[in-house]
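Protein chains in written order, with our numbering: chain A, 1 to 113; chain B, 114 to 221.
Right, dumping it as structure tokens:
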């Protein structure tokens with residue numbers, strides 16, 4: 001079934017550790033996105049990529065980095081995790097940017113202790 | 114991207130139409146209106162989007178006023194499974210800014 005796969009589903013991580021959240025889509029979508037959602041709040045955009053080889057900053061990019069080496073994969077890296085990065089992380093993709101709907105993964109629940 | 118205003122919560126009887134309003138008075142001509150919903154802590158689910166014309170798909174209808182300053186999402190026959198947070202988002206770039214949304218409670 002075509003869609004977005006996120007891994008891991010959940011993770012508990014010690015502060016200061018490095019962590020990479022994986023996101024893969026098989027829909028050949030050009031645009032991909034990373035959001036975080038904190039308890040009781042809406043989603044906030046962290047980083048995005050309009051096409052392979054390009055990335056951009058969203059609303060809350062600090063402490064996160066992304067890469068887009070190919071169309072299918074868009075990993076999100078926390079170089080040195082801090083407790084404030086405890087959140088649920090959602091990856092999304094769309095065929096193009098403007099005018100196309102985004103399809104979301106099931107999320108990664110990350111706890112930083 | 115233009116901001117949106119939605120009521121924080123609404124109730125709807127099962128089997129009745131649910132009409133969710135959204136104000137976006139500062140919308141620009143090239144900005145789309147998108148609707149998503151989120152059930153529990155699942156990933157957001159795309160419902161429908163439009164630019165100027167009313168739109169309908171298998172899930173819902175989107176009614177956009179002629180001046181484009183407001184819109185209404187219509188779920189024609191709400192079921193208990195439609196209980197969720199519904200987000201109205203206006204965007205001209207593809208990047209989505211999520212607000213607090215409307216919590217729709219469908220009651221038996």
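No residue lacks a Cβ here, since even glycine has one placed at the ideal position from N, Cα and C.
CA nearest to the CA of residue 96 of chain A, picked from A:74, A:67 and A:49: Of the candidates A:74, A:67 and A:49, the residue whose Cα lies closest to the Cα of residue 96 of chain A is A:49.
Report the residues of the stretch 43-65 of chain A with a CB closer than 9 Å to any CB of chain B, ordered along the chain. 43, 44, 45, 48, 50, 56, 58 and 59
Are residue 173 of chain B and residue 160 of chain B closer than 8 Å when you measure CB to CB? yes
Could you please tell me which residues of the stretch 88-113 of chain A, in chain order, have their CB closer than 9 Å to any CB of chain B? 88, 90, 91, 92, 94, 96, 97, 98, 99, 100, 101, 102, 103, 104, 105, 106, 107 and 109
When DSSP labels each residue in this structure, what does residue 18 of chain A get in the three-state scheme? coil
At the level of alpha carbons, what is the spacing between residue 4 of chain A and residue 93 of chain A? 8 Å
Pull up the distance between the alpha-carbon of residue 74 of chain A and that of residue 166 of chain B, whole angstroms please. 34 Å
From what residue to what residue does the beta strand (DSSP E) around residue 220 of chain B run? Annotation: the continuous beta strand (DSSP E) that includes residue 220 of chain B extends over 215-220.
Just verifying my parser: in three-state terms, what is the DSSP assignment at residue 84 of chain A? helix
Where does residue 36 of chain A fall in DSSP's three states? strand
Pull up the DSSP beta-bridge partners for residue 134 of chain B, would you. Residue 134 of chain B is bridged to B:185.
Considering only their Cβ atoms, is the gap separating residue 98 of chain A from residue 207 of chain B smaller than 8 Å? Yes.
Would a C-beta distance cut-off of 8 Å place residue 148 of chain B and residue 175 of chain B closer than the cut-off? yes
When DSSP labels each residue in this structure, what does residue 44 of chain A get in the three-state scheme? strand
Give me the subset of the stretch 4-33 of chain A whose CB atoms are less than 9 Å from a CB atom of chain B, sorted by chain position. Listed by position along the chain: 4, 6, 31 and 33.
Closer than 9 Å, Cβ to any Cβ of chain A: which residues of the stretch 201-221 of chain B, in chain order? Within the stretch 201-221 of chain B, the residues whose Cβ lies closer than 9 Å to some Cβ of chain A are 204, 205, 206, 207, 208, 209, 210, 211, 212, 213 and 214, listed in chain order.
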